[in-house]
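For the record, in the sequence shown the residue sitting at position 123 is 133 according to this note's numbering, with numbers rising by one throughout. Idealized CB from N, CA, C, for every residue including glycine. Remember, it's a predicted structure, so these values are computed and weren't measured experimentally. Take a look at the structure below.
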Amino acid sequence: MILLFAIAMVLLVLALQRKTGPERLAEMREDHRPDQRLVDPDEVFRVELTLQNTGRHYILFAKLEEQLTRDFTVHQHSARTRQNMEGGTNVSFSTWLRPRQEVRFRVPVSIGRRGLYPLMPLKLSSGDFLGLDEQVRRSGQFRAVVVAPREAEDQRFADVLSGFLGDVSVRRFIYEDPVLTTGFREYTGREPMKHISWTQSARGRGLMVKKFDYTAEPRVSVLLNTDSEAENREELLEKCCSLARTVCRVLEEQGVQYDFTTNADLAGYADGAVSEIGEGLGANHFAAVLDCLGRATRYKAFSAGRLIGRALESAQSRGRILITPSADFTDAGALGQLRELSNGSLLILQADEVA
């Protein structure tokens with residue numbers, strides 16, 4: 011009787027050994043992702059680890075491991091988290107899985123500095139019932155979180171910005187908007203030829219010119235320059251990103267339509283990619299600007315002269331805000347053209363002049 015029981019146990023163990031071999035690794039799907047793609051400095055978010063059994067068999071052992079770099083601050087330690095020698099945190103959990111079962115584990119973390127932070131590849135391991143064989147693989151999914159810059163806190167800067175926006179709002183009633191046509195009037199000889207309406211003139215009433223309405227809404231273009239040779243260039247670039255965030259936030263609060271352009275090289279994008287965010291307002295528009303500011307590296311994608319040149323390509327009458335580390339790039343001619351194009355509404359914010 012005992013012999014039969016022993017034989018039965020051996021057969022059961024062999025069956026389990028066969029059913030739970032490391033080849034079950036192919037039936038598992040692992041993933042990791044931050045629950046937010048864009049966060050503020052020191053804002054708590056969660057890194058979520060997911061493991062799924064896609065097969066029809068039980069998996070008696072599986073282990074998923076994630077290595078968080080020292081940039082990540084873990085806010086809730088447990089038996090599944092431990093600090094490594096590099097100053098980062100190793101996160102791991104072991105489990106068994108029923109057929110089609112999925113398990114998740116979340117780690118609350120935060121990051122203190124602006125930038126793009128990718129997650130390290132996952133390590134998944136699985137073995138057989140007796141622990142005699144084990145297979146390991148590393149996943150290749152790219153996941154990252156973008157940390158936006160902090161707000162600028164200089165009160166003098168806030169006062170200057172408020173005064174500039176008030177000036178932009180007043181000037182919209184001074185300059186005609188060539189897009190908003192309200193009617194026609196006789197040509198006096200002082201109007202530019204491009205304003206003549208040849209369709210109306212052909213009706214026999216003499217030369218007629220278009221009559222324009224004033225600009226309906228104030229509009230602003232925000233330009234962020236990272237082309238600088240200043241000694242403390244990296245510190246000034248951080249200030250520039252903070253200034254840009256506060257400028258765009260104030261524009262959002264005051265309902266001023268704005269677009270954004272920078273010559274910063276953006277982490278995670280193709281080299282030389284031009285970052286231009288079209289005119290708009292709202293949470294999605296502001297989030298796109300913050301994503302761009304968070305990805306901005308210390309390298310430039312193209313020169314300050316080309317950045318100014320792109321702004322000069324637009325013939326629209328609007329206010330313009332140029333944010334730059336210092337004045338060492340200044341091209342008086344280009345800035346003069348930009349000021350003229352802006353009808354005088356040009357504000358230059360230098361990071362080395364902001365406390």
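Exercise. Do residue 118 and residue 93 have their CB atoms nearer than 7 Å?
Worked result: Counted from its first residue, the sequence shown places residue 118 at position 108. Counted from its first residue, the sequence shown places residue 93 at position 83. No; because the gap between Cβ atoms is not below 7 Å, this pair is not in contact.
Exercise. How would you call residue 64, buried or exposed, if buried means at least 16 neighbouring beta carbons within 10 angstroms?
Worked result: As a working note, residue 64 is residue 54 in the sequence shown. Per the 10 Å Cβ criterion, exposed.
For this session: Please confirm whether any heavy atom of the ligand NAD lies closer than 6 Å to the CB of residue 248.
Result: The model depicted lacks the ligand NAD and carries no ligand whatsoever.
Exercise. Is the beta carbon of residue 260 less than 7 Å from the beta carbon of residue 171?
Worked result: As a working note, residue 260 is residue 250 in the sequence shown. As a working note, residue 171 is residue 161 in the sequence shown. Going by C-beta atoms, residue 260 is nearer than 7 Å to residue 171.
For this session: Any chance you could list the beta strand (DSSP E) runs of at least 3 consecutive residues sitting entirely within the region 85-158, in chain order?
Result: 91-93, 99-107, 112-121, 125-128, 133-137, 144-148 and 154-157
Exercise. In whole angstroms, what separates the C-alpha of residue 321 from that of residue 242?
Worked result: On the sequence shown, position 311 is the one that residue 321 refers to. On the sequence shown, position 232 is the one that residue 242 refers to. Spanning the two alpha carbons is a distance of roughly 27 Å.
Problem set entry | Per-residue DSSP class, three states only, for residue 236 | To locate residue 236, count along the sequence shown from 1; it is residue 226. Residue 236 falls in the coil class under three-state DSSP.
Problem set entry | Segment limits, beta strand (DSSP E) that includes residue 289 | The residue you call residue 289 lines up with position 279 of the sequence shown. From DSSP, the beta strand (DSSP E) with residue 289 extends over 285-290.
For this session: Would you kindly work out how many angstroms separate the C-alpha atoms of residue 50 and residue 128, rounded to a whole number?
Result: Here residue 50 is taken as the residue at index 40 of the sequence shown, counted from 1. Here residue 128 is taken as the residue at index 118 of the sequence shown, counted from 1. Spanning the two alpha carbons is a distance of roughly 16 Å.
Problem set entry | Residues that DSSP places opposite residue 270 in a beta bridge | Position 260 of the sequence shown holds residue 270. DSSP, once it has assigned bridges, lists 232 and 287 as partnering residue 270.
Problem set entry | Limits of the unbroken alpha helix (DSSP H) element including residue 242 | One-based indexing of the sequence shown puts residue 242 at position 232. Neither: residue 242 is in no alpha helix (DSSP H) and is coded neither H nor E.
Problem set entry | Straight-line Cα distance separating residue 42 from residue 108 | Counting from 1 along the sequence shown, the entry for residue 108 is found at position 98. Counting from 1 along the sequence shown, the entry for residue 42 is found at position 32. In a straight line, the C-alpha of residue 108 is about 20 Å away from that of residue 42.
For this session: Tell me whether the beta-carbon of residue 134 lies closer than 7 Å to the beta-carbon of residue 74.
Result: Reading the sequence shown from its first residue, position 124 is the one you call residue 134. Reading the sequence shown from its first residue, position 64 is the one you call residue 74. Yes, the Cβ-Cβ distance between residue 134 and residue 74 is below 7 Å.
For this session: Give every residue of the same chain whose Cβ lies closer than 6 Å to the Cβ of residue 111, excluding the five residues on either side of it in the sequence, and list them in chain order.
Result: Position 101 of the sequence shown, counted from the first residue, corresponds to residue 111. The answer, listed in chain order, is 63.
Exercise. Residue 157 and residue 47 look like a contact to me (Cβ under 8 Å); what is the Cβ gap, rounded to whole Å?
Worked result: The count along the sequence shown starts at 1 and reaches residue 157 at position 147. The count along the sequence shown starts at 1 and reaches residue 47 at position 37. Going by Cβ atoms, the distance from residue 157 to residue 47 rounds to 11 Å, so no, they are not a contact pair.
For this session: Pick out whichever of 310, 78 and 355 has its Cα sitting closest to the Cα of residue 238.
Result: Counting from one through the sequence shown, the residue named residue 238 turns up at place 228. Checked all of 310, 78 and 355; the closest Cα to residue 238 is 310.
Exercise. Where does residue 80 sit, in a helix, a strand or coil, going by DSSP?
Worked result: Within the sequence shown, numbered from 1, the residue matching residue 80 stands at position 70. Coil at residue 80, not helix or strand.
For this session: Could you tell me which residues DSSP pairs with residue 370 in its beta bridges?
Result: Any property of residue 370 remains undetermined from this structure, which presents the chain solely from 11 to 365.
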